[in-house]
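Protein chains: 2
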Amino acid sequence: MKTSKETILKEASKLFRKKGYAGTSVQDIAQAVGVKAASLYNHISSKQEILQELCMPISRQFSQGMIDISESTLNPFEKLQAIVSLHIKVTQSFTDSMSLITGDWIHLEGGALKEYKASRKNYEQSFRTILEHCKKENLIDKNINTEVSLFSILSSLHWLYSWRERHQEISSIELEKQLKNCLLNGLK
Amino acid sequence: MKTSKETILKEASKLFRKKGYAGTSVQDIAQAVGVKAASLYNHISSKQEILQELCMPISRQFSQGMIDISESTLNPFEKLQAIVSLHIKVTQSFTDSMSLITGDWIHLEGGALKEYKASRKNYEQSFRTILEHCKKENLIDKNINTEVSLFSILSSLHWLYSWRERHQEISSIELEKQLKNCLLNGLK
DNA sequence: GTCTATAGGCTGATAGAC
DNA sequence: GTCTATCAGCCTATAGAC
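Residue numbers (the numbering used here), protein chains in the order written: chain A, 1 to 188; chain B, 1001 to 1188.
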């Protein structure tokens, strides 16, 4: 049984995905839920609160996932593979609100924006460290620029949610295998 | 010497990049240009027109670029490399308005939206064909899923504009070399 | 080509009846 | 917890003086 608030968050995430945060009005959300706009305010305090309650759980899931990976006993290259798995898992858990990760998080305000940015920076730093360890242990080519590879892998992982929607013909297990290959081993 | 319209498009693209199309008001644009909002309407007919005049040239540049590559005498794998070069080139030419390619194009309306979607679909189809040719000629691993590789490469290329802003320490030539390596040859 | 004034509508959010 | 009514402010866009 879903609470009203959960329904609101669910419908809002679908609309944000389709039209963006700024392009979605509180009235749009109310209509999707099936009530008048004013009624929403019995469950939420502002439109901004909805955005925060959608963004923050994802952000925390990634942070915790990265901590688990960093502290694991996997070798650095296996850690890269684990990061790919983490993104697939989180993307599956937060299907609609994942779109916020690619762009709409910029509409976060105040402390939430700061927290989100810090968390993201932290995540990227851990990722960077793992890439550097891979180089040190000769698990990846030392001539590869860490920043370029970090960005190219992360871009693909961030956009996974939008691709997944259009390609459900491929199983999660196969997707995971293919993505690890494409992103880490290349096409050859 | 820049015309008024060029100035408007330039300032609008910077704002769209920062706050998104829906999050940017005509007043914001006017203020950036240094006039009152009403004055803009001597040069443009609507906010939507600005979006279209920013999106369409990029779209056309990609379409033409892809035609040139497809019709060239390069082998299929060299064509993949040429696509990477094309994206770097277009990203450099349209620094600010490139952000529209990743998300804000959904706010295009009417015929412009249709044209944009069709052009994008076409581009992806050509890309797909090149990947298939690579497989046929044994230039890339036949076990690689075309859709997964297409999406992962394109995601990285689309986000290049946002990464480039923060990483100007690396030269365009080096970036091109590194990106081709990361996206096509992998990390090893 | 700029401005002021203004239209008409939508925005997020609140007050208070039921 | 829903509704109607309402608010003040902002939105895109137009009219018309200069």
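The beta carbon of each residue, even a glycine, is placed where N, CA and C say it ideally should be.
{"Asked": "Can you tell me whether V1035 of chain B is helix, strand or coil according to DSSP?", "Found": "coil"}
{"Asked": "With a Cβ-Cβ cutoff of 7 angstroms, do R128 of chain A and L150 of chain A count as a contact?", "Found": "yes"}
{"Asked": "Just to confirm my understanding: we take Y116 of chain A, look at its own chain, exclude 5 residues before and 5 after, and list those with CB closer than 7 angstroms. What are they?", "Found": "C55, S59, W105, L108"}
{"Asked": "If you check the beta carbons only, do I1144 of chain B and K1079 of chain B fall under 7 angstroms apart?", "Found": "no"}
{"Asked": "Excluding the 5 residues preceding and the 5 following Q1061 of chain B in the sequence, name in chain order all residues of the same chain whose CB lies nearer than 8 angstroms to its CB.", "Found": "V1090, S1093, F1094"}
{"Asked": "Does the segment 1005–1016 of chain B come into contact with the segment 1030–1037 of chain B, if we say contact requires no fewer than three beta-carbon pairs (one atom in each stretch) closer than 8 angstroms?", "Found": "yes"}
{"Asked": "With a cut-off of 7 angstroms, does the C-beta of Q1178 of chain B fall near any C-beta of chain A?", "Found": "yes"}
{"Asked": "So C1055 of chain B is in the alpha helix (DSSP H); what residue range does that whole segment cover?", "Found": "1047–1071"}
{"Asked": "Please report the straight-line C-alpha distance between I29 of chain A and A22 of chain A, rounded to a whole angstrom.", "Found": "12 angstroms"}
{"Asked": "How long is the line joining the alpha carbons of K18 of chain A and L160 of chain A, rounded to whole angstroms?", "Found": "16 angstroms"}
{"Asked": "Looking at C-alpha atoms only, which residue of B:S1162, B:E1132, B:T1146 is the closest neighbour of S152 of chain A?", "Found": "B:S1162"}
{"Asked": "How is N1145 of chain B classed by DSSP in three states: helix, strand or coil?", "Found": "coil"}
{"Asked": "Is there a Cβ from chain A that is less than 7 angstroms from the Cβ of F1151 of chain B?", "Found": "yes"}
{"Asked": "Would DSSP call G1023 of chain B helix, strand or coil?", "Found": "coil"}
{"Asked": "Between which two residues does the alpha helix (DSSP H) harbouring C1134 of chain B extend?", "Found": "1110–1136"}
{"Asked": "Just the C-alpha distance for T1003 of chain B and S39 of chain A, rounded to the nearest angstrom, thanks.", "Found": "49 angstroms"}
{"Asked": "Please determine whether the Cβ atom of F1094 of chain B lies at a distance below 6 angstroms from any heavy atom of the ligand SAH.", "Found": "Ligands in the displayed structure: none, and consequently the ligand SAH is not present."}
{"Asked": "Using the beta-carbon count (16 or more within 10 Å), is N1075 of chain B buried or exposed?", "Found": "exposed"}
{"Asked": "Looking at chain A, is there any beta carbon in it that lies within less than 7 angstroms of the beta carbon of K1089 of chain B?", "Found": "no"}
{"Asked": "So, does the CB of C1055 of chain B fall closer than 7 angstroms to a CB anywhere in chain A?", "Found": "no"}
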